[in-house]
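In what follows, a structure is listed as structure tokens, so that the remarks can point back to it.
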Amino acid sequence: MLKVSEVDLFYGAAQALRKVSVTAAPGKITCVLGRNGVGKTSLLKAIVGHHPVRSGSVALDGRVLDRMASYDRARAGIAYVPQGREIFPLLTVKENLETAFAAAPKGERDVPGEVFELFPVLKSMLARRGGDLSGGQQQQLAIARALVSRPKALVLDEPTEGIQPSIIKDIGRAITYLKESAGLAILLVEQYLDFARELADEVHVMDRGEIVFSGPAASLDEDAIQRHLTV
Ligand SMILES: Nc1ncnc2c1ncn2[C@@H]1O[C@H](COP(=O)(O)OP(=O)(O)OP(=O)(O)O)[C@@H](O)[C@H]1O
Ligand SMILES: [Mg+2]
Numbered sequence: 384m385l386k387v388s389e390v391d392l393f394y395g396a397a398q399a400l401r402k403v404s405v406t407a408a409p410g411k412i413t414c415v416l417g418r419n420g421v422g423k424t425s426l427l428k429a430i431v432g433h434h435p436v437r438s439g440s441v442a443l444d445g446r447v448l449d450r451m452a453s454y455d456r457a458r459a460g461i462a463y464v465p466q467g468r469e470i471f472p473l474l475t476v477k478e479n480l481e482t483a484f485a486a487a488p489k490g491e492r493d494v495p496g497e498v499f500e501l502f503p504v505l506k507s508m509l510a511r512r513g514g515d516l517s518g519g520q521q522q523q524l525a526i527a528r529a530l531v532s533r534p535k536a537l538v539l540d541e542p543t544e545g546i547q548p549s550i551i552k553d554i555g556r557a558i559t560y561l562k563e564s565a566g567l568a569i570l571l572v573e574q575y576l577d578f579a580r581e582l583a584d585e586v587h588v589m590d591r592g593e594i595v596f597s598g599p600a601a602s603l604d605e606d607a608i609q610r611h612l613t614v
């Protein structure tokens with residue numbers, strides 16, 4: 384279980400997160416929804432240790448991560464697929480995957496075979512440079528790279544952003560597989576509402592740095608959508 388408790392996060396004097404609490408259970412997909420600039424990425428940065436929190440706590444399976452640097456959080460079992468993918472354009476696909484070895488458990492420094500079952504296109508492109516892949520292929524590579532560390536929790540920041548519909552479907556299937564077969568705790572930030580509602584078990588909606596709705600995906604009603612998600 385990934386547990387975020389009452390996190391406050393600031394950029395200088397500007398507060399981006401206000402007492403944000405979110406949980407993501409193993410074998411479930413938890414979606415964080417919200418308009419542009421409400422703090423979704425800031426929440427993920429707080430989880431993976433890319434930005435310090437002012438107060439509050441992040442824990443994985445009861446282990447408090449607050450004092451750990453991001454590489455230690457990765458080793459503890461949190462994998463991050465950042466917004467904009469952030470693959471290395473000049474490294475090959477194979478090398479991009481290998482950058483995650485440092486966070487993998489000792490003795491498991493290989494690329495799990497299931498990665499290529501999930502994203503067969505990557506297997507045929509191992510020697511290609513990351514920068515030569517299409518946006519959708521880069522997104523698949525970013526997810527594949529996250530899986531190389533054998534995480535317990537996978538956090539993804541808008542994986543459908545700027546991706547063509549056929550690849551969005553592949554990504555949806557992959558995320559569902561990871562939830563069901565690998566039992567990962569999946570925390571998915573999304574603005575693409577239909578995709579989120581199709582996949583989500585639990586939903587949190589953010590508005591201006593705060594959680595304004597939390598509940599099972601089925602309980603996200605039109606009123607909440609109108610109030611917090613339409614522009
Ligand atoms: N490095 C930073 N320095 C200062 N302010 C920042 C920084 N990063 C984000 N912000 C501000 O914090 C707020 C939340 O930003 P954040 O990126 O978390 O939002 P988001 O919900 O992920 O937005 P988007 O949907 O556009 O990705 C915004 O007002 C943003 O301008
Ligand atoms: Mg963002």
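Mind the numbering: the sequence shown is residues 384 to 614 in this note's numbering, read in order. Ideal placement from N, C-alpha and C gives every residue a C-beta, glycine not left out.
| Item | Value |
| --- | --- |
| Cβ-based neighbour list, Leu578, same chain, cut-off 8 Å, excluding 5 preceding and 5 following | Residue identity check: residue 578 is Phe in the sequence provided, not Leu. Excluding sequence neighbours, Phe578 sits near Thr543, Ile551, Gly555. |
| Reduced DSSP secondary structure (H/G/I, E/B, other) of Ala399 | strand |
| Bridge partners - Thr406, DSSP secondary structure assignment | Lys386 |
| Exposure of Asn419, with buried meaning 16 or more beta-carbon neighbours within 10 Å | exposed |
| Which residues DSSP lists as bridging Asp438, in chain order | Correcting the residue type first, residue 438 is Ser in the shown sequence and not Asp. DSSP output for Ser438 lists Asp391 as bridge partner(s). |
| For Phe596, the three-state DSSP class (helix, strand or coil) | strand |
| Buried or exposed by the 16-neighbour rule on C-beta atoms within 10 Å, applied to Pro503 | exposed |
| Nearest-angstrom Cα separation, counted from Leu537 out to Ser453 | 14 Å |
| Contact set for Lys562: own chain, Cβ-Cβ below 7 Å, skip 5 residues either direction | Gly410, Lys411, Ile412, Ile569 |
| Contact test: Gly420 Cβ vs ligand 1 heavy atom, cutoff 7 Å | yes |
| Closer than 7 Å: Gly417 CB and nearest ligand 1 heavy atom | yes |
| At least 3 beta-carbon pairs within less than 8 Å: the segment 457-467 vs the segment 501-515 | no |
| Beta-carbon contacts of Leu385 that lie in its chain and below 6 Å, excluding the five residues immediately before and after | Ala407, Leu443, Ala536, Ala568 |
| Thr613, buried or exposed, once every other Cβ within 10 Å from all chains shown has been counted against 16 | exposed |
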